[in-house]
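Residue numbers (my numbering): 1 to 425.
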């Protein structure tokens with residue numbers, strides 16, 4: 001089994017000068033000349049890069065159970081013809097909804113570009129990507145997976161929609177082939193079906209762990225009555241007692257937040273932390289409702305998830321000083337500059353998922369021989385390092401990520417606690 005390593009350690013680094021100044025990141029020193037690192041592997045658990053804002057919010061538009069897990073109803077375009085990228089001997093399928101309607105098709109194209117960027121930045125990869133368009137449907141995903149497998153794919157990357165993952169897995173399972181999908185719906189994870197996306201559970205575990213580390217023991221919570229709220233609720237109710245805390249008030253709300261806000265406000269005198277998990281617009285409204293119900297939010301430590309990474313949250317006077325879990329922003333900024341230099345446009349936030357998937361695949365194919373995509377290799381407990389930081393796959397197909405803790409400030413998010421350098425046991 002390999003130790004935690006940098007999938008891009010043998011990547012060829014692009015020219016990245018910035019007004020004559022070089023930038024140092026986990027990729028190495030990026031200056032006016034391309035540089036190469038010849039040693040594959042790095043200090044155990046060291047992240048390659050971090051990431052940036054609104055990860056779950058961006059992903060949930062396309063791949064999570066929180067917006068129906070379905071493509072937009074905008075009419076789809078004509079299905080794109082399969083293409084192959086690279087000429088290596090190791091073949092890997094990449095399934096994306098390239099012709100899906102709405103934002104999904106645009107996101108898929110950006111993810112395809114990012115996959116090609118990863119392949120171009122990796123030094124002499126022995127990899128060939130078989131790019132398939134599933135048109136945003138489960139049937140299309142199953143057909144695409146079968147085509148890739150028939151063409152010799154040893155691993156499937158994608159699909160994006162949660163509803164398409166089981167169909168892809170069904171085709172892959174008959175040949176003993178693993179799937180690394182991009183959905184944020186942990187219910188579709190399974191043995192041999194891994195999720196590379198950001199899962200809400202990671203946010204909850206990180207922020208509760210940090211709150212406990214700074215002495216918070218009594219938690220109140222107010223969550224939305226929807227699929228996202230249900231996932232977060234389950235994670236929260238497990239994480240708090242695990243860290244030695246207790247939940248003294250817990251409420252969920254629908255369109256009317258008044259009653260829930262009143263109940264939580266009445267109990268806040270017994271709490272030293274208040275957990276609010278909703279998107280940027282909604283969490284501001286929740287904070288206003290709590291204040292209207294008599295809650296003094298300045299007397300309690302506010303906690304949130306990555307959905308807090310939103311300009312409206314930073315502009316809210318009631319949420320100043322609040323803490324939320326999210327990737328460090330450094331990595332995505334560097335990736336976005338390289339992407340823009342190659343394609344002339346900005347990448348969607350999901351693009352780093354396909355980049356990291358391809359970089360990881362290329363590294364494993366180089367270092368792990370015939371066992372490159374075996375379960376014990378993919379489930380390396382030390383994890384891997386990518387643009388979005390440290391991550392590892394669990395045996396049940398879900399993942400764990402090394403996240404930073406960010407503090408809400410009027411000028412934007414500030415790092416309160418850095419992302420971890422390695423995973424615990």
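Note that CB positions come from ideal geometry on N, CA and C, so glycine has one too.
Note that the coordinates shown come from a computational prediction; the quantities given were computed from them, not determined experimentally.
{"Asked": "Under 8 angstroms between C-beta atoms of residue 183 and residue 194", "Found": "no"}
{"Asked": "Integer-rounded CB distance, given that residue 203 should sit under 8 angstroms from residue 306", "Found": "5 angstroms"}
{"Asked": "Beta-ladder partner(s) of residue 225, from DSSP", "Found": "In the DSSP output, where bridge partners are listed per residue, residue 225 has none listed."}
{"Asked": "Short Cβ contact (8 angstroms threshold) for residue 321 with residue 302", "Found": "yes"}
{"Asked": "Three-pair Cβ contact test at 8 angstroms for the stretch 383–403 versus the stretch 120–130", "Found": "no"}
{"Asked": "Whole-number beta carbon distance between residue 95 and residue 168, since they are thought to touch under 8 angstroms", "Found": "6 angstroms"}
{"Asked": "Cβ-heavy atom distance, residue 155 to the ligand MN, below 7 angstroms", "Found": "Only the bare structure without any ligand can be found here, which leaves the ligand MN out of the picture."}
{"Asked": "Beta-carbon gap between residue 208 and residue 236 smaller than 8 angstroms", "Found": "yes"}
{"Asked": "Terminal residues of the alpha helix (DSSP H) in which residue 354 lies", "Found": "351–367"}
{"Asked": "CB of residue 148 within 8 angstroms of CB of residue 101, strictly", "Found": "no"}
{"Asked": "DSSP state of residue 91 mapped onto helix, strand, coil", "Found": "strand"}
{"Asked": "Option nearest residue 375 by Cα separation, candidates 394, 220 and 362", "Found": "394"}
{"Asked": "7 angstroms CB neighbourhood of residue 199 in its chain, flanking five on each side removed", "Found": "184, 186, 398 and 399"}
{"Asked": "Identity of the residue in 420, 314, 365 and 212 nearest residue 241 by Cα", "Found": "212"}
{"Asked": "For residue 113, the three-state DSSP class (helix, strand or coil)", "Found": "helix"}
{"Asked": "8 angstroms contact criterion, which residue 359 and residue 386 should meet: CB distance rounded", "Found": "6 angstroms"}
{"Asked": "Beta-carbon separation (whole angstroms), residue 362 vs residue 119, contact threshold 8 angstroms", "Found": "7 angstroms"}
{"Asked": "Span separating the alpha-carbon of residue 263 from that of residue 289", "Found": "11 angstroms"}
{"Asked": "Buried/exposed call for residue 365, threshold 16 Cβ in 10 Å", "Found": "buried"}
{"Asked": "Boundaries (first-last residue) of the alpha helix (DSSP H) holding residue 208", "Found": "200–213"}
{"Asked": "Rounded straight-line distance, which links the Cα of residue 257 to that of residue 123", "Found": "54 angstroms"}
{"Asked": "N-terminal and C-terminal residue of the beta strand (DSSP E) that residue 252 is part of", "Found": "246–253"}
{"Asked": "Where the beta strand (DSSP E) containing residue 131 begins and where it ends", "Found": "127–133"}
{"Asked": "Other residues of its chain near residue 89: CB distance less than 8 angstroms, five sequence neighbours each side excluded", "Found": "126 and 128"}
{"Asked": "Per-residue burial, residue 259 [other beta carbons within 10 Å of its own, 16 or more giving buried]", "Found": "exposed"}
{"Asked": "Nearest-angstrom Cα separation, counted from residue 245 out to residue 272", "Found": "11 angstroms"}
{"Asked": "Per-residue burial, residue 255 [other beta carbons within 10 Å of its own, 16 or more giving buried]", "Found": "exposed"}
{"Asked": "Whole-angstrom distance between residue 343 and residue 475, CA atom to CA atom", "Found": "With the chain covering only 1 through 425, there is no way to say anything about residue 475."}
{"Asked": "Contact set for residue 171: own chain, Cβ-Cβ below 6 angstroms, skip 5 residues either direction", "Found": "142, 145 and 146"}
{"Asked": "Under the three-state DSSP convention, the category residue 335 falls into", "Found": "helix"}
{"Asked": "Selection from 333, 223, 384 and 153 that minimises the alpha carbon distance to residue 287", "Found": "223"}
{"Asked": "Alpha helix (DSSP H) runs wholly inside the stretch 292–327, at least 4 long, in chain order", "Found": "311–315"}
{"Asked": "Expected contact under 8 angstroms - CB spacing of residue 277 and residue 232 to nearest Å", "Found": "5 angstroms"}
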